[in-house]
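Protein chains in written order, with the numbering used here: chain A, 37 to 437; chain B, 978 to 1146; chain C, 121 to 375. Single-structure report; data block below.
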Amino acid sequence: MEPHLQNLYEVLSKVDGYVYPNEIELNWSILIVLYPYITGLVAGAFILASLERIFKLHILKPTYGLALLTAFSFMLVATMPLISHLGKPLRAYEIMITPHSSSAMAIFGFVYLWYLMVVLLLEIWFDYRCDMIIWANETKGFKRFLYRALSLWTTDISPKAVALDNKIGYIITVIGVPSAFLLHGYVGFIFGSIKANPWWSTVLMPVIFLFSAMVSGIALVMFIYIILNKIRKISVDMACLDTIAKYLFYILIIDFTLEGLDQIHRIYEAEESFEVLHMLVFGRLFFTLFIMQGLFGTVIPLITLAILQFYKPKVQIRKIIYFIIATLILIGIFFMRWNVVIGGQLFSKSFYGYTSFKIGLIGAEGYLMAAVWIIVPFLILTFLLWLLPPWKKKEDEIQVI
Amino acid sequence: MPQHLKRLISFFAILLILFLIMRQVLIPKSFGQLGHYRADAISENQVRELHYAGSENCTKCHDSIHIEKDEGYHKQLKCEVCHGPGLKHTQYADKFKDGHLPDSLLLHKPIERKECALCHQKNAARTKILFDTIDNTMIVQIDAMKHKLLNKKTKEEQKCIKCHNPHQP
Amino acid sequence: MKNNKSNLSRRDFFKNGAIIVGGIAVASAITTFDSVLFALEPPKGKGKWYGIGIDINKCIGCGKCANACKLENNVPKEPFYFRSWVEQYTIKNDGTIKVESPNGGIDGFQQSIPDEEIFKSFFVPKMCNHCAKSPCTQVCPVGATFETPEGIVLVDPNYCIGCRYCVQACPYGCRYVHPDTGTVDKCTLCIHRLKKGLQPACFEICPTEARIFGDLNDLESKINYFLKNHTCMVIKPHLNTGSKLFYNALSSEVR
């Protein structure tokens, strides 16, 4: 028997209560968990970068370039889990040529392109154009050609041109922040607009997705910054890290509040679907929701960050604590996506039962495929850091404006 | 306008034009004629293979059974309810005048107990069912695995059709 | 002219309150009273507009419809793919509800609860509701699923990208991904049979004529007779999907 069908028969034996026969199979698997996860990392990392640029938090400067490049490398991969889970991946282009205006997923294609091409790409381009021209003169061979091509063979590095670049870069960042909100709010809307599914259908979903995105993106930059400095064997800028942690703390509070509000509202209204969801969260979702997302992903980081606002241990210990917190949050937000995507499919829309979820290691929707899409952005980031190292940029360029 | 902005804008303009050209090429012909979909998809959905013939086609040859069935409680049952899809049978049966049809064209004869039980197995959801079309009768229900299961003499399992004529039960 | 007249009489007919059909919860504005039936404006144009009626009182749960659907439409045999299936609801004396649908009802139902514990029990055949405001066609990113002018919700298997968003959006669980093609598959109301003037397979095969379909625009049609003479209801009316599958004797337990 085909492994796919064998899997389904196994799931069938674990069905609890009654589910519609077509619901035994979970149609959105781990790849669709990754899709909002990765998109969220992008939006969060970009918002961290924009804090520096728009809100003039120059203390965050060591992470500005890193955050941008992180956002860009994850953005390049963001749609890949989505495309690779399609039944007909080669038809993916249809989303762009005949987008259905009433479909959240179709409009996402354009929001994505806008964000990737107009916001991230342009911001990085204007940010690095001058440097690329300079680096092109310092290097030889293929790398030189790359710099030339990426700067579109322009040569103008006069102060006037650089000032213009900075100005445009600033404008793009200003446009970028609402775009980042739009991008991830939209991902939330993809789920929040499904009225058939009471676990998803809440008006708060886009907002929750947005704030959890910021939390995860900031944690990711923190995580990468600490690792990168370890690799480069240079000391971490603790003032910068402390500030990031402060913002992480604030946004985590908002995120926690919103998610709490959503659940309280759900409990208080106790609609038709309440019983089935109640049993879901205390049953099949207990571990991922309360332990992974709630305890490790939210409560522990929240309390630790709160303590760190008043009591600051030694630098070395603080660095380790930040690293652990960033990791915990990254895992926690992953499970938040998991609880939304997988959790929303575990109960029947008849509200009379539950199916279960099982994925294999290999195959188009297995763990390995998911691991690929998590690892690839890091490889892209490594390449980008080699090509466009933010720490080699000429100083005081950004502060011109 | 500085040179590098011109380059950038033309770069994006080229991308946009390429996209628009691709779009023109790739959009299917009938897309958008009736709505946001391929109008041809309707006719494509209509050209699938049929399997059920409809009882009118059965009575053309099996007239006597039809008359027989029409007098009994199964009169509103269409032939294919029990015998399965028979379009191929109706299309090709008269090519074999001697009556020896190949197996692939023969229709199913439901003689097993479990097949009668599909409708007549005793079930709480069936007890209150009335048929205004058949003189307000209730569907006959038995426990198919008990009701006269064994032949009294031979003690062998006997089929429902031993006593009941399915065409005139 | 003639059409106008029939529309007018139809509207009067509704205003007189002769029919009260599903979706009462959504009929908040009196101006959209028509929408109680259609859950949207009545379709323009004179063509057919299909609706379906199922009489729960007549269903004996033989599962022939589910079986016929699979045979007619080459639906995979495995018990995870159904365009049409039958559920048995059993409400026990203690108030608990048991729903079951072993293999979609194709192999028949075995009563799993003893008679003395049963308050009531009934069968509910399920299939695509061919909603007029279908959430599934709304979310399709590429326009690969749509409602035809005749009111049938179809999938374009040559254009579907297999993103499964529509599967998530259908409140009735009527869609699945065909394991062989990777595209979404669903009830077509046997549009290939309608074209030949035949009934859809499940309607053709129903031994008790519990299933009825017809043209909602034709006042003399079987479906309109059915709607006039029964107290009909749709499943999940609060979702305002404009479901065109009307059940007679639908209990509130059915979801």
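We put the CB at the ideal spot given by N, CA and C, even for glycine.
Please report how far the alpha carbon of residue i lies from the alpha carbon of residue j, in whole angstroms.
i: G1031 of chain B; j: E324 of chain C; result: 7 angstroms
i: P327 of chain C; j: L1078 of chain B; result: 27 angstroms
i: F247 of chain A; j: F387 of chain A; result: 29 angstroms
i: I133 of chain A; j: D175 of chain C; result: 44 angstroms
i: F202 of chain C; j: C185 of chain C; result: 11 angstroms
i: I355 of chain C; j: K240 of chain C; result: 19 angstroms
i: C256 of chain C; j: Y403 of chain A; result: 29 angstroms
i: C307 of chain C; j: E1092 of chain B; result: 26 angstroms
i: N961 of chain B; j: F243 of chain C; result: Residue 961 of chain B falls outside the range modelled here, since chain B spans only 978 to 1146, and no answer is possible.
i: L77 of chain A; j: G253 of chain A; result: 4 angstroms
i: T99 of chain A; j: E88 of chain A; result: 9 angstroms
i: I27 of chain A; j: L156 of chain A; result: Absent from the structure is residue 27 of chain A, since the part of chain A shown begins at 37 and ends at 437.
i: P245 of chain C; j: G282 of chain C; result: 27 angstroms
i: N1128 of chain B; j: V1117 of chain B; result: 21 angstroms
i: D300 of chain C; j: L339 of chain C; result: 42 angstroms
i: I1004 of chain B; j: P426 of chain A; result: 43 angstroms
i: E237 of chain C; j: L325 of chain A; result: 37 angstroms
i: K429 of chain A; j: D291 of chain A; result: 35 angstroms
i: A85 of chain A; j: V287 of chain C; result: 38 angstroms
i: A306 of chain A; j: P222 of chain C; result: 31 angstroms
i: R313 of chain C; j: Y367 of chain C; result: 23 angstroms
i: L997 of chain B; j: K1006 of chain B; result: 16 angstroms
Can you name, in chain order, every residue of its own chain whose Cβ lies under 6 angstroms from the Cβ of residue i, other than the five neighbours on each side?
i: L424 of chain A; result: Y164
i: V69 of chain A; result: R373, W374 and V377
i: Y292 of chain C; result: N249
i: C1059 of chain B; result: P1087
i: T303 of chain C; result: P277, C280 and G282
i: L62 of chain A; result: Q381 and F393
i: E192 of chain C; result: A321
i: P261 of chain C; result: none
Report all residues from its chain with a CB closer than 8 angstroms to the CB of residue i; omit the five preceding and five following residues, and keep chain order.
i: W135 of chain A; result: Note on residue identity: the sequence assigns Pro, not Trp, to residue 135 of chain A. The answer, listed in chain order, is A142, I143, G145 and F146.
i: G167 of chain C; result: P269, E270 and N337
i: Q1098 of chain B; result: Q1118, I1119, D1120 and A1121
Does the separation of the CB atoms of residue i and residue j fall below 7 angstroms?
i: E373 of chain C; j: Y170 of chain C; result: no
i: D276 of chain C; j: A289 of chain C; result: no
i: I160 of chain A; j: A406 of chain A; result: no
i: I367 of chain A; j: L294 of chain A; result: no
i: T279 of chain A; j: I83 of chain A; result: no
i: G225 of chain C; j: G173 of chain C; result: no
i: Y358 of chain A; j: L256 of chain A; result: no
i: I311 of chain C; j: I272 of chain C; result: yes
i: Y183 of chain A; j: A197 of chain A; result: no
i: N1022 of chain B; j: L309 of chain C; result: no
Would you list the residues sitting across from residue i in a DSSP beta bridge?
i: M353 of chain C; result: C:Y367
i: E220 of chain C; result: C:Q208
i: R1015 of chain B; result: B:F1008
i: F242 of chain C; result: C:Y209
i: T265 of chain C; result: C:V275
i: Y296 of chain C; result: C:D305
i: L1127 of chain B; result: B:E1134
i: F333 of chain C; result: C:I172
i: D52 of chain A; result: A:Y390
i: M247 of chain C; result: C:S204
i: F383 of chain A; result: A:Y390
i: Q1098 of chain B; result: B:I1119
At a cut-off of 6 angstroms, is residue i close to the ligand GDP when judged by its beta-carbon and the heavy atoms of the ligand?
i: P349 of chain A; result: This structure simply doesn't include the ligand GDP, nor any ligand for that matter.
So, for residue i: in the same chain, excluding its five sequence neighbours on each side, which residues have a beta-carbon less than 7 angstroms away from its beta-carbon?
i: T152 of chain C; result: Bear in mind that the predicted position of T152 of chain C carries a pLDDT of just 43, short of 50, making it unreliable; the figure below should be weighed with that in mind. Here the set comprises nothing.
i: K50 of chain A; result: S392
i: L364 of chain A; result: F332, G333, I336 and P337
i: G228 of chain A; result: W236, S237, T238, V239, M241 and P242
i: A128 of chain A; result: I119 and L122
i: E1134 of chain B; result: L1126 and L1127
Review point. If you pair each beta-carbon of the segment 377-385 of chain A with each one of the segment 220-240 of chain A, do three or more pairs fall below 8 angstroms?
Key: yes
Exercise for review: Decide yes or no for the touch test of the segment 347-358 of chain A against the segment 201-210 of chain A: beta carbon pairs closer than 8 angstroms, at least 3 of them.
Suggested key: No: the two stretches stay apart, fewer than three of their Cβ pairs being nearer than 8 angstroms.
| query | Is there contact here, the segment 311-328 of chain A with the segment 117-133 of chain A, by at least three beta-carbon pairs under 8 angstroms? | reply | Flag = no, the segment 311-328 of chain A and the segment 117-133 of chain A do not touch.
>> Under 8 angstroms: do the segment 1079-1091 of chain B and the segment 1054-1071 of chain B share three or more Cβ pairs, one atom per stretch?
In response: yes
ask   = Any chance the segment 270-289 of chain A sits against the segment 105-115 of chain A, with 3 or more Cβ pairs inside 8 angstroms?
value = Flag = no, the segment 270-289 of chain A and the segment 105-115 of chain A do not touch.
TODO: Spell out a yes or no on whether the segment 1021-1041 of chain B and the segment 307-323 of chain C are touching, meaning 3 or more CB-CB pairs, one atom from each, closer than 8 angstroms.
DONE: yes
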